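Q: 873 is the number that the working numbering gives to position 501 of the sequence shown; each next residue is one higher, with no gaps. A single structure is presented below for examination.
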Amino acid sequence: MRHRGLFILLYFLTGALMMYSQELVAPRDTVLPVIGDTIATAVTDSTVLASDSTQSKQVGLDAPVIYQAKDSMVMTAGNWAYLYGEGDVKYQQIGLQAENIEMSLDSSLVFAKFGLDSIGEEFGYPLFKDGDQEYESKTMRYNFNTKKGYITDVITQQGEGFVTAGRTKKMDDDVLNMVGGKYTTCDEHDHPHFYIQMTKAKVRPKKNIVTGPVYMVIEDVPLYPIGLPFCFFPFSSTYSSGVIMPTYADDSQRGFGLRDGGYYFALSDYIDLAVTGEVYTKGSWGLQAQSSYKKRYRFSGNFNAAYQVSKYGDKGLADYSLSKDFRLNWTHSQDPKANPYRTFSASVNFQTSSFDRNSAYGIYNPNTTNNTKGSSINITQRFPNNPLTLSATMNVNQNSKDSMISMTLPDLTITLSRIFPFKRKNPVGKERWYEKISMSYSGYFRNSITTKEDQLFKSNLIKDWKNSFEHSIPVSATFTAFKYINISPSFNYKESWYTSKITQQFDPQLNKLVNRDTTYGFYRIYNYNASLSASTTLYGFYKPLPFLGDKVEMIRHRFEPSVSISAAPDFGSSIFGFYDHYQYIDTNGDPIDYVYSPFAHNGSIPSGKQGSLNFSLDNNVEMKIKSDKDTTGFRKISLIDKLSLGMSYNMAADSFKWSDLSVGLRLKFSKSYTLNLNGQFDTYTYGADKNGKPIRLDIPRWKAGKGIGRLRSTGTSFSYTFNNDTFKKWFGGETDSNIPEDNVGDGELENLTAENQDGENPDGEGKSEGGRLRGKKKDTGEYDADGYLISKIPWSLSFNYSMQLRYGDFDPNRLEYKYKLTHALSFNGNIQPTKNWSFNFNATYDFDNNKISFMTCNVTRNLHCFQMSASFVPVGPYKSYTFSIAVSSSLLKDLKYNQSSSAREGQSWY
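Written out as structure tokens, the structure is:
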């Protein structure tokens, strides 16, 4: 039964009189009735004392004290109240909960302690709350009037850590004076795995801890040498700037050093900045700046810039090397609601080719094996009720294998979407043929360069950079003939503006043409072509014979033939002046008439008269089968998603009129995997000169009796990931994602209740043994519907395979090219054999040398309040390792042990 009492203490609560000058006042009740109790009689003192001329000072509490107990309450004649079974006392913002509570109604004193069950286990520890501060202990004595208390075996959370002490005095200003205290981030409060032993300490909640002499204790083993005469722990719940403490480093190549130290700037509520650096005794150093920013409904992003100077060996000796590297990473995304007409995005990953190699932990980055890196920044402006679009882009592509870099800055695009210039604003009657004519416009301004990365900032903007302004105006229309044939005439006009051209001449020493001179000015070239195409769609249906079964309802074949004719003049003719003719005598004494484009460095236009007849065939085959899983009773299966063939015949060419036969195949094996194959078939035969070099002959293969074509090149790539659910999906069965919510085990319920902001569980379930903070936390795992423990070992294995088959060396005996197969394989995986162990790896395989070319492995172990991790490269030229064991909490991240080796040491493991 619950009991709730309300009492007011005035003076001594024993019948004293309240006196005012020149007036006799009857006293108030000394004991107010206990709400909900059978005793509800108010006792009134009949004695009246003469009043004093001096006004009395009021003594007592300023608000009622509400108390209750789940089991029972006992009131004694000595004005003591005893609460048994989850006692709860509240006074203003102060609350006290405990299994046993003793209250003195005369002196405003409260004493709380734990309870013992039938087997002698402790439970119901006192929990004291003062506002948002909580203190849990074994015993507590508190005075509501003075707001002072004496606590034994207290536990309180300050910041990311916990403070415990055997004896503690709570002062009226909420300061805790402790003797024999401990500070730790381990939540095993009775036996923490590590802690900082504080001989004496003063705790100012949410502000700081100031201590006397301290020393480290790990697994109950005191480490007296690791001690300090005093210590200061600051706490802050507000966003503020501060110093980032560096960590110690030991590298055999760089020497001793300090790294990742600097200053954190809390610039505003939307952006921050962390500036850190590293320095080593052998001269290497580096700086890094990191920033994150976000404004709700507007934009978000992060920025990371680093510069490092790496020195290896001794200056003046052969092994000495000095490298300067930098890295710039920037990502920016705009919220779609910010501006419907303007978008801005950035994805920058720019760094020197040797940055990862010289970085202390760069080789353990999975992206280290990626030789190409790309960066782009784009801004696009659209206009309401207007087909015009403006776009500006910067693109940078890097190849760390040969340190080549290609940059386009800027890449401006002006686009006018398709319009119908002859369409009537107020049409009456049927649509006229000329209203179907449409046109669009695209303009491109590009300024680009391809060079070595160390020459990028030394290049000349006019002489080394390539710039051009290109215009494209396509005009087209679509008409229907005989209801089923689509006729599409089109005309395309392209024009390019350049600022330079390069003339060439023959160099007999090099036996090739070389650039002779570059002239600068305004140069305009153009080209145009016209085409006419016709296409249609045919369907074929096939129903299997009855004796084959009734599972297959129908097979459908969609056939889309298309034929087109295109024509263009010879822009390589001297009439246009877009190509130069150069005559020279080669080393064999033969006269050579060479035709080249002086604008080839920017992009030339096609030469030769064009009169092509193009053919293409697209095929799709689907099967409709009966299915009980579909609501319609049928299900479609794609047998051949797409099979396309294309070929052209140039009627205007004097030789080699047939083009290669292009073939494309797409097969859908499942919802998650589609196979794409594309191939080119050579349609001509080959011969050999007197030196055995191949010569392409103007003889089609079908005339030589060698078929329609011979495969010139093909390739494909695919990737797949195996995990716990893969085989269940293949062979049926319930996946982990289908486990019903009501099968969640006790461990998950405990995690869910731990998310309660107040740290309480109103239903009383999922608590740890012995109390709210004390006791070992339970984690019983997950259970299925039958009550059996679900034992899961999460794992995944992913691989990516790419293959390309193409012409290789020429065989003069067979007069055919040999095939050359190039393929690449990369794979990665991870497994978590237990709750605390985790392993992952990333590797690439070299098919030429038949071995793993590069591999990184990472092992982590959760040691409760510690984190152990190891990374190593077991094979390849970068064989090395790192090992670390550190406190999990970021507050004490400097309490760690690191050991590592460098790939430059050249150690042999086996």
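No residue lacks a Cβ here, since even glycine has one placed at the ideal position from N, Cα and C. Computed from a predicted model, the values in this text were never measured in an experiment.
Where does L1287 fall in DSSP's three states?
A: No answer is possible for residue 1287: the residues shown for the chain start at 373 and end at 1282.
Q: Determine whether the beta carbon atoms of G1323 and F1226 lie at a separation below 7 Å.
A: Beyond the ends of the chain as shown, which are 373 and 1282, falls residue 1323; an answer cannot be given.
Q: Work out the CA separation of P594 and D545 for me, nearest whole Å.
A: Going by the C-alpha atoms only, they are around 33 Å apart.
Q: Determine, using beta carbons only, whether A849 and N901 come nearer to each other than 7 Å.
A: Their beta carbons are not under 7 Å apart, which means A849 does not touch N901 by this criterion.
Q: Are there three or more Cβ pairs, one per stretch, closer than 8 Å when the stretch 755-766 is compared with the stretch 800-807?
A: They do not touch, by the three-pair rule.
Q: Around the Cβ of G629, are there at least 16 other Cβ atoms within 10 angstroms (buried) or fewer (exposed)?
A: Buried, because 16 or more other Cβ atoms sit within 10 Å of the Cβ of G629.
Q: So what's T402 in DSSP terms, helix, strand or just coil?
A: Model confidence at T402 stands at a pLDDT of 36, short of 50, so the residue's coordinates are unreliable and nothing is read from them.
Q: How many Å lie between I751 and S772 at the Cα?
A: For I751 and S772, the distance between alpha carbons rounds to 28 Å.
Q: Kindly list the residues whose CB is nearer than 6 Å to the CB of I1224, restricted to its own chain and excluding five residues on each side of it in sequence; keep chain order.
A: Same-chain partners within the cutoff: A1215, Y1217, V1247.
Q: In whole angstroms, give me the CA-to-CA distance for P793 and S812.
A: P793 and S812: Cα-Cα distance of roughly 10 Å.
Q: May I ask you to report which of helix, strand or coil DSSP gives S1274?
A: Residue state, collapsed to three classes: coil.
Q: How many angstroms separate the CA atom of R513 from the CA atom of Y636?
A: About 43 Å.
Q: Could you check how far apart the C-beta atoms of S1089 and Y1191 are, in whole angstroms? I think they sit under 8 Å.
A: 18 Å between Cβ atoms; not a contact.
Q: When you compare the CB positions of K1011 and V993, do they come within less than 7 Å of one another, or not?
A: A quick correction: the sequence has Leu, not Lys, at residue 1011. Cβ distance < 7 Å, so L1011 and V993 count as in contact.
Q: Using alpha carbons as the reference points, say which of L499, A470, K666, S479 lies closest to L488.
A: Checked all of L499, A470, K666, S479; the closest Cα to L488 is A470.
Q: What does the alpha-carbon distance come out to for the pair L1083 and S934?
A: Using only the alpha carbons, I get a separation of about 23 Å.
Q: Report all residues from its chain with a CB closer than 6 Å to the CB of L985; omit the five preceding and five following residues, and keep chain order.
A: Correct list, in chain order: I937, Y1021.
Q: Rounded to a whole number of angstroms, what is the C-alpha to C-alpha distance between C603 and F675?
A: Looking at the two C-alpha atoms, the distance is approximately 35 Å.
Q: Are T653 and D632 touching if we call contact CB-CB under 7 Å?
A: Not a contact, by the Cβ cut-off of 7 Å.
Q: Please list, in chain order, all residues of the same chain as Y669 whose beta carbon is under 8 Å from its beta carbon, the five residues on each side excluded.
A: These residues qualify, in order along the chain: D707, K709, A710.
Q: Less than 8 Å between C-beta atoms, sequence neighbours within five positions excluded: which residues of the same chain meet that for S946?
A: If we look at S946 and ignore the five residues flanking it on each side, its Cβ neighbours are H953.
Q: May I ask which residues mark the beginning and end of the beta strand (DSSP E) holding R1178?
A: Unbroken beta strand (DSSP E) run through R1178: 1167-1183.
Q: What's the C-alpha gap between D922 and G912?
A: So the two alpha carbons sit approximately 19 Å from each other.
Q: Can you tell me whether D460 is helix, strand or coil according to DSSP?
A: Of the three classes helix, strand and coil, the one that applies to D460 here is strand, per DSSP.
Q: What's the C-alpha gap between H1195 and C1229?
A: C-alpha separation (whole angstroms): 24 Å.
Q: Could you tell me whether the Cβ atoms of N451 and D478 are closer together than 7 Å?
A: In contact: N451 and D478 (Cβ atoms closer than 7 Å).
Q: Can you tell which of P846, F841, D697 has its C-alpha closest to the C-alpha of R790?
A: Considering only alpha carbons, the answer is P846.
Q: Taking only runs of the alpha helix (DSSP H) that begin and end inside the stretch 1056-1093, which ones reach a length of at least 4 residues, in chain order?
A: For the stretch 1056-1093, not a single whole alpha helix (DSSP H) run of length 4 or above is found.
Q: Which residue comes first and which comes last in the alpha helix (DSSP H) that contains N730?
A: It spans 727-730 - the alpha helix (DSSP H) in which N730 sits, taken as one unbroken run.
Q: Express the C-alpha separation of D728 and S1260 in angstroms, rounding to a whole number.
A: Cα to Cα, the separation comes out at about 27 Å.
Q: Taking the CB atoms as reference points, tell me whether F1028 and K873 lie closer together than 7 Å.
A: Not in contact: F1028 and K873 (Cβ atoms no closer than 7 Å).
Q: With which residues is G746 paired in a DSSP beta bridge?
A: N769, per the DSSP bridge assignment.
Q: For the putative contact between S1168 and F1094, defined by C-beta atoms under 8 Å, what is the C-beta separation to the nearest angstrom?
A: Going by Cβ atoms, the distance from S1168 to F1094 rounds to 7 Å, so yes, they are a contact pair.
Q: Compute the Euclidean distance between the alpha carbons of K835 and Y895, then round it to the nearest angstrom.
A: Going from the Cα of K835 to the Cα of Y895 covers about 15 Å.
Q: DSSP three-state label for F1209, please.
A: As written in the sequence, residue 1209 is Trp, which differs from the Phe given in the question. Strand.
Q: For a quick check, are the C-beta atoms of S747 and V720 less than 7 Å apart?
A: Yes.
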